[in-house]
Amino acid sequence: MSASAHPADTHDLIRVRGARANNLRNISLDLPKRRLTVFTGVSGSGKSSLVFHTIAAESQRMINETYSSFVQGFMATLARPDVDELQGLTTAIIVDQERMGANVRSTVGTVTDANAYLRALFSSLAQPHVGGPGAYSFNVPSVTAAGAMTVQKGAKALAKRTTFSRVGGMCPRCEGMGHISDVDLTELYDENLSLDEGPFTIPNYVPGGWFVKIFASSGFFPADRPIRSFTERQLHDFLYKEPTKVKIDGVNMTYEGLLPKIQKSMLSKDRDAMQPHVRAFVDRAVKFVTCPDCEGTRLAEHARSSQIDGVSIAEVTAWQITDLADWVETLRARRHGPTVAPLLTNLSALLSSFVQIGLGYLSLDRPSGTLSGGESQRTRMIRHLGSALTDVTYVFDEPTIGLHPHDIATMNQLLLALRDKGNTVLVVEHKPETITIADHVVDLGPRAGIQGGELQYEGDVAGLRASDTLTGRHLDRRVRLKDQVREASGVLEIRGADRHNLREVDVDIPLGVLTVVTGVAGSGKSSLIHASMPKEAGVIVVDQNAIRGSRRSNPATYTGLLDPIRKAFARACGVKPALFSNNSEGACPVCRGAGVIFTELGFMETVQTVCEECEGRRFRADVLEHTFGGRNIAEVLSLSVAEAQALFSAEGTRVPAAATLLGRMDDVGLGYLTIGQPLTTLSGGERQRLKLATHMGDEGGIYVLDEPTTGLHLADVDQLLGLLDRLVDAGKTVIVIEHHQAVMAHADHLIDLGPGAGTDGGRLVFEGSPAELVADASTLTGKHLKEYLGT
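Residues 301 to 1091 in the numbering used here are what the sequence shown spells out, letter by letter.
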């Protein structure tokens, strides 16, 4: 291990001694402050454990301790990281890959200051004048407002109306949602049955259950007569009655009409967070349609009619940000007074940041929940670009995710700009373009999981190149173009693709080969492949979206691996397989198999503590007495994929079905994952590769992968290319949306979209072999691929 010289003054260092979080092996190192440090190593080597779970976590914990006891009572209790000593910490600002919350009221404009600036601008300049900034906000209720829900019962429509008192810009019909809910009452209950007979078809509304009992005992309608016989008043109370105190079995309870009740408990929730049976019910009973009053703009009529130069705030927030920035510049040129000029200057700077960071193709009305992990991270970064804060620690998790090579250079400049303002910048990264701009590099490894967690190298980039570490050996390695590309066995035709920004694109995707779709972020790649490709039964889409499942889910349950493992335990021990499931008979009775106790504290954050009964092992004590191959079920679930594969492939403990699944997980680069770790701890790239592993044995003929190199070390990209080759050689058609030049160089066929993003993209700018693209070198992709290859 090499080390660069550092000043002895602790004011210039973040000093780490004895870090042991997760797989870290007693790591000690000094990080220079006010410098750009990049952390490298394979996935699972310990980078995040050191940067996020040790340095950033302790900074956050120490900040929380500065608050009063009263304020701390509203915060989650943060445990001290497993480290002997941390000195020289400053305030840490974390900019990670977590997707923004899918709150339906949250947009790109609301999560930044852009909408606030625009509302103030329109309240100052727009005509007719309709009020202050709140009058242009779709989250502030209007003077009069009708409820957001219309209900369809055959040909008869029913609606509930409410009234608000504050003056705002919210559309009265949809309450600022942009859509209204059409609810089919026939999917909620059988009107031919009485409440006593259990008429509901809503999840959890079971006969004898508490929900049904409140309705049946409310006294607002007869419980022993069919719902279809209710009077108009009784039906209104059944469906719409506002919250009202009632006494049931001597207990004071709150009764509320059926529709507002399920609106709050189900329809207003994030669909992806719903349990599968609830999601199926909502999909069956509810149809969301564009609000006919505001046409999806979310705004009341007065806010839409108030305009600057003939355009409303609804129109400008729907524009591409690059176009909006140009419009703001035309307003600035008119030299407005001291009230408006600063607004325009600040708004212009903010919009310029969007463009500078490669998000100029977005619009401010874009729901934040639809942004990718990379887009979410860069949107958060915008908040800090113009910040006056200095001497803070910025922590980034792979900021180049989702970026074309053309955009990585811009991202690098932004990271350096934050450093040059006097800040410490810590970056977890795999891309060589960003590694090479570092002032300081920390390389962890040598491999992942229990084979990682060791300091391999610490020093400058030149030293990393000269080191014999895995990262050092691969830093300047380049994948060569194939000597010969595969011949297509046919084509998949796409004609007139016009989704989002696509401009009537016609393209033939070759079958039986590896096709890579390229172009800058926002050029139309995903629209072309995901939205425009014919939905055939043989198409298997593997993306980075969150995997559905509860906080009990793990790789073993998601892939089906747990089934052959449970059966193997059952055969070896002569008991039922259900004993070896923490979601069934074998579960610890105290934590019910979760391993932790969740304590709900009302409006405060839920507290999570390790179960004292099972000590986090999730199973009953008697279940843990049963062993297979010398290990109990909890010990098996704590094995890595590679360790479990060795166990279930060995003589005497061979379980072919389990070994096959584990082999596929290892093939996609997940050998370091613990098979029992919660799915919620997996990154986007890990989730995608786990999905791919589950589909490896499918009969489908077409695989679509969306940026599969996300989170992969340079050395692991070779393994991915080998996997893609094996899929194609097995007769599959593989289509990859990707920015990584190594994958482009390895392709049989390239489809390049552009030339730019948003309205500047959506065109087919090249299709052919990688060699032809390099020879042409007229597109951004072609230029960067040629530079990568050094030709």
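Note that beta-carbon positions come from the ideal geometry of N, C-alpha and C, so glycine has one too. These numbers come from a predicted model, not from an experiment.
Can at least three beta-carbon pairs, one atom from the segment 751-764 and one from the segment 356-371, be found at a separation below 8 Å?
no
S304 versus H740 - alpha carbon distance:
Because S304 carries a pLDDT of 40, less than 50, the predicted location of this residue cannot be relied on, and the following value inherits that uncertainty. Distance between the alpha carbons of S304 and H740 is about 8 Å.
DSSP three-state label for F581, please.
Helix.
Which of helix, strand or coil does DSSP assign to I809?
strand
Candidates T597, Y540 and S518, of which the one nearest K564 by Cα:
Y540
Have a look at L715 and A600 and give me their C-alpha separation to the nearest angstrom.
41 Å
Please name the residue or residues paired with D1006 in a DSSP beta bridge.
I1037
Assuming contact is defined by CB atoms lying nearer than 8 Å, are F948 and F869 in contact in what I supplied?
No, Cβ-Cβ distance for F948 and F869 is not below 8 Å.
Just checking my contact of L1050 with V816 at CB under 8 Å: how many whole Å lie between their CB atoms?
Correct: roughly 5 Å between the Cβ atoms.
Alpha-carbon spacing of E885 relative to C873, whole angstroms:
If I take the Cα positions, the gap works out to 15 Å.
A319 versus L726: straight-line alpha-carbon distance, rounded:
17 Å
Of the residues D484, I514 and V483, the one placed nearest G498, counting alpha carbons only:
For G498, the closest of D484, I514 and V483 by C-alpha to C-alpha distance is I514.
Is H730 buried or exposed, if buried means 16 or more other CB atoms sit within 10 Å of its CB?
With 16 or more other Cβ atoms within 10 Å, it is buried.
Exposed or buried, what is A688 when buried is set at 16 or more other beta-carbons lying within 10 Å of its beta-carbon?
exposed
Can you name, in chain order, every residue of its own chain whose Cβ lies under 6 Å from the Cβ of Q1064, other than the five neighbours on each side?
According to the sequence displayed, residue 1064 carries Leu and not Gln. V805 and V807, listed in sequence order.
Applying the criterion that 16 or more other CB atoms from any shown protein chain within 10 Å of the CB defines a buried residue, is Q945 buried or exposed?
buried
Spatial neighbours of P307 within its chain, please: CB distance less than 6 Å, with the 5 preceding and 5 following residues excluded, ordered by chain position.
Interpretation of P307 is limited by its pLDDT of 42, a score under 50 that renders its predicted location unreliable; no figure is taken from the coordinates.
Roughly how many angstroms lie between the CA atoms of L651 and D413, to the nearest whole one?
10 Å
E1054 - partner residues in DSSP beta bridges:
It is worth fixing the name first, because residue 1054 is Gly in this sequence and not Glu. G1054 is bridged to R1063.
Cβ shell of Y757 (< 8 Å), same chain only, five flanking positions each side left out
Non-local beta-carbon contacts of Y757 in its own chain, meaning distances under 8 Å to residues more than five positions away in sequence, involve M301, S302, V741, V742, D743, G763, L764, S767, T769, T771 and G772 in chain order.
Where do the N-terminal and C-terminal ends of the beta strand (DSSP E) with A797 fall, by residue?
G790 to A797
8 Å contact criterion, which I613 and L425 should meet: CB distance rounded
That belief does not hold up - the Cβ atoms of I613 and L425 are roughly 11 Å apart, past 8 Å.
Taking the Cβ atom as the reference point for each residue, do D549 and R473 lie within a distance shorter than 8 Å?
No, Cβ-Cβ distance for D549 and R473 is not below 8 Å.
Going along the chain, which residues of its own chain have a beta-carbon closer than 8 Å to the beta-carbon of H479, five neighbours each way excluded?
F588, V589, T590, C591 and G596
Indicate the three-state DSSP secondary structure (helix, strand or coil) for S653 in the structure shown.
helix
Might you give, ordered along the chain, the residues of its own chain that have their beta carbon closer than 8 Å to the beta carbon of K456, omitting 5 neighbours on each side?
The predicted model places K456 with a pLDDT of 42, which falls under 50 and marks its position as unreliable; any figure quoted below should be read in that light. No residues qualify anywhere along the chain.
Rounded C-alpha distance that separates D967 from A959
When rounded, the distance between both Cα atoms is 12 Å.
Comparing C-alpha positions only, which one of R852, F880, I847 and P433 sits nearest to D863?
F880
Given a cut-off of 8 Å, decide if S663 and Q620 are closer than it, judged by their beta-carbon atoms.
Yes, they are a contact pair.
With 16 other Cβ atoms within 10 Å as the buried cut-off, status of T734
buried
As a quick exercise: from L624, S605, R634 and H830, pick the residue whose alpha carbon is nearest that of V655.
Taking V655 as reference, the option from L624, S605, R634 and H830 with the minimal CA-CA separation is L624.
Roughly how many angstroms separate the alpha carbons of D482 and F500, rounded to a whole number?
18 Å
At the 8 Å Cβ level, is K1032 part of the contact set with chain E, yes or no?
Protein chains in the displayed structure number just one, and chain E is not present.
CB V512 to CB M470, shorter than 8 Å?
No; because the gap between Cβ atoms is not below 8 Å, this pair is not in contact.
Is the distance from the Cβ of T1091 to the Cβ of D1052 below 8 Å?
no
Roughly how many angstroms lie between the CA atoms of Y367 and R525, to the nearest whole one?
58 Å
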